[in-house]
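Following: one structure in structure tokens, then a few remarks.
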Amino acid sequence: MTRKRQRLLFIVGGLLASIALGVVLIVIFRNPLLNSALVRREVSAVLREEVGREVDLKGALRIDEWPWVQLDVGRGSIANPAGFAGPPLVQWELIEMRFHYSTAYEEEPLLYGVIIHGLRVHLRIDAAGRDNFSDLGSRDPTPPSVPLNVPRVEIRDAELSFTDERESAEPRFVARSITLRTGTVERGVGAVEGKRWRIADIELSAKPLDLDTAVLRVPALSVDANVPSARIPAATLSLGPVRLRLSDLAVAAPKDAALQGSGRFALDPVPLASVFKAAGQPPPFAANSPWFRLRSLSGSLRPGPTGLRIDDLRLGIDELRLQGRVTIGNTIRFALEGNRLDLDRYVRALTNDAPANESPATPAAGFPGKTLLGLPLEGTVHLDSAVSGGLRMQDVTLEVTHRGR
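For the sequence shown, numbering that gives the first Met the number 0 assigns the number 0 to the initial residue and increments by one for each residue that follows.
Here's what the structure looks like:
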């Protein structure tokens with residue numbers, strides 16, 4: 000074969016290879032590139048059904064790792080109700096969604112996950128008593144015809160605030176640096192199962208105001224919007240060194256009926272000084288005091304007509320053991336039974352006047368008396384024995400009544 004023919008074959012072969020590659024690229028890229036607006040409209044329609052308001056999405060569709068398609072939705076927001084002034088209810092910087100190319104136009108696309116960056120949620124009640132969140136929800140009565148299955152959901156660098164303008168223009172509550180990670184998020188099909196959700200492996204962390212970062216871990220959560228109701232078999236809430244364990248939590252809010260619920264809680268043993276510090280308050284006693292150690296705290300929770308009821312309450316601080324019940328409502332009511340309380344010991348610790356045989360104390364912080372004086376209290380504490388001012392007493396009953404300030 001002459002050199003001229005070899006060169007000609009090389010050129011023809013190169014052209015054929017280029018054409019073949021072009022055909023493959025067209026097959027791969029044509030649909031997602033030309034129909035990105037269609038995908039955005041579909042996502043927008045789904046969000047509009049869920050929140051009951053118009054949602055405008057802007058963003059680019061690109062191929063990330065074939066055959067997965069990545070949909071990036073840029074900065075956007077969900078508006079307040081008509082006539083409600085102020086910042087929008089929801090804002091975000093970026094939403095990332097990944098789904099399998101072969102299922103992009105099917106009723107049940109194969110999703111990889113959803114990641115939301117820079118989410119900002121502003122819950123507000125205006126001076127007239129209107130709020131910007133209670134009307135959220137789907138307006139479409141048609142039950143879902145396909146199940147939902149998302150392998151993971153992440154929310155990064157979020158912020159939540161609540162403002163009641165009837166009291167103040169400043170937020171009553173702000174939580175920053177919120178991060179949420181979940182495992183599989185599932186929803187059923189039909190009028191009944193379509194309102195039942197299951198979420199696995201939830202981890203939520205946030206920094207409320209100037210407190211330590213709080214971390215909530217929930218292995219499994221089920222929600223039934225038909226009632227509505229929710230169940231959590233177990234959960235752990237950590238705030239610095241303080242760890243609260245929750246179990247058998249259930250809550251239901253039937254239509255035209257009182258809130259129902261139950262559950263149990265237990266706090267791991269921890270020095271009370273750590274509890275104060277985690278709550279952003281200096282402890283009202285010497286930092287190196289040998290006393291003020293929380294040995295145990297547990298009980299069962301149940302909402303009632305007069306407030307949250309805590310039954311089978313068991314509290315252990317140092318040698319003191321208390322048990323009974325507490326109801327937290329407009330007034331905190333309690334009935335407690337205890338063994339022995341040495342008031343002199345705690346007075347010395349609070350006044351920084353420890354005897355020589357106890358550990359030396361550092362100056363105590365101011366006792367948060369204003370906070371306690373503001374609590375309306377009503378109840379009794381019965382003790383087997385008590386020590387106060389050097390006087391030893393047996394079978395002591397303390398009756399407490401305080402209207403608060």
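All residues carry an ideal CB built from backbone N, CA and C; glycine is no exception.
Assign residue i to one of three DSSP states: helix, strand, or coil.
i: residue 429; result: The first residue shown for the chain is 0 and the last is 404, placing residue 429 beyond what the model contains.
i: residue 355; result: Low local confidence applies: a pLDDT of 42 at residue 355 is under 50, so the model's placement there is unreliable, with the coordinate-based value given in what follows. DSSP places residue 355 in coil when its eight states are reduced to three.
i: residue 272; result: helix
i: residue 402; result: coil
i: residue 145; result: coil
i: residue 133; result: coil
i: residue 199; result: strand
i: residue 288; result: coil
i: residue 102; result: helix
i: residue 78; result: coil
i: residue 186; result: strand
i: residue 123; result: strand
i: residue 44; result: helix
i: residue 32; result: Residue placement at residue 32 is flagged as unreliable, the pLDDT there being 42, under the threshold of 50; the coordinate-derived value follows with that caveat. Residue 32 falls in the helix class under three-state DSSP.
i: residue 277; result: helix
i: residue 336; result: strand
i: residue 112; result: strand
i: residue 140; result: coil
i: residue 267; result: coil
i: residue 71; result: strand
i: residue 282; result: coil
i: residue 206; result: strand
i: residue 84; result: coil
i: residue 258; result: coil
i: residue 95; result: strand
i: residue 362; result: Caution applies to residue 362, whose pLDDT of 37 falls short of 50 and renders its modelled position unreliable; the model cannot decide the point.
i: residue 232; result: strand
i: residue 66; result: coil
i: residue 330; result: coil
i: residue 238; result: strand
i: residue 390; result: strand
Looking at the unbroken beta strand (DSSP E) that takes in residue i, where does it start and where does it end?
i: residue 380; result: 376-387
i: residue 226; result: Looking at the DSSP string, residue 226 is not in any beta strand (DSSP E), and its letter there is neither H nor E.
i: residue 157; result: 152-163
i: residue 210; result: No beta strand (DSSP E) holds residue 210; DSSP gives it neither H nor E.
i: residue 90; result: 89-91
i: residue 171; result: Segment: none, residue 171 is in no beta strand (DSSP E) and carries neither H nor E.
i: residue 247; result: 241-251
Buried or exposed for residue i, going by 16 or more other Cβ atoms inside 10 Å?
i: residue 75; result: buried
i: residue 346; result: exposed
i: residue 181; result: buried
i: residue 294; result: exposed
i: residue 96; result: buried
i: residue 382; result: buried
i: residue 276; result: buried
i: residue 291; result: buried
i: residue 162; result: buried
i: residue 89; result: buried
i: residue 288; result: buried
i: residue 118; result: buried
i: residue 225; result: exposed
i: residue 172; result: exposed
i: residue 220; result: buried
i: residue 82; result: exposed
i: residue 128; result: exposed
Judging by CA-CA distance, which residue of the options is the nearest neighbour of residue i?
i: residue 400; options: 331, 220, 342; result: 331
i: residue 322; options: 307, 341, 299; result: 299
i: residue 261; options: 233, 271, 273, 285; result: 233
i: residue 197; options: 152, 385, 162; result: 152
i: residue 263; options: 297, 269, 252; result: 297
i: residue 327; options: 306, 100, 231; result: 306
i: residue 211; options: 143, 240, 230, 217; result: 240
i: residue 343; options: 252, 120, 390; result: 390
i: residue 166; options: 388, 125, 385, 142; result: 125
i: residue 238; options: 216, 172, 230, 227; result: 216
i: residue 168; options: 248, 133, 122; result: 122
i: residue 69; options: 99, 81, 266; result: 99
i: residue 384; options: 397, 376, 340, 378; result: 340
i: residue 142; options: 159, 177, 190; result: 190
i: residue 329; options: 375, 338, 311; result: 375
i: residue 253; options: 223, 183, 271, 325; result: 223
i: residue 93; options: 144, 67, 78, 154; result: 154
Tell me where the alpha helix (DSSP H) around residue i begins and ends.
i: residue 346; result: 342-349
Can you check whether the C-beta of residue i is within less than 9 Å of a C-beta belonging to chain C?
i: residue 99; result: The structure shown contains no chain C, having only a single protein chain.
Ranges of the beta strand (DSSP E) found wholly within the region 299-328, counting only runs of at least 3: 306-316, 319-327
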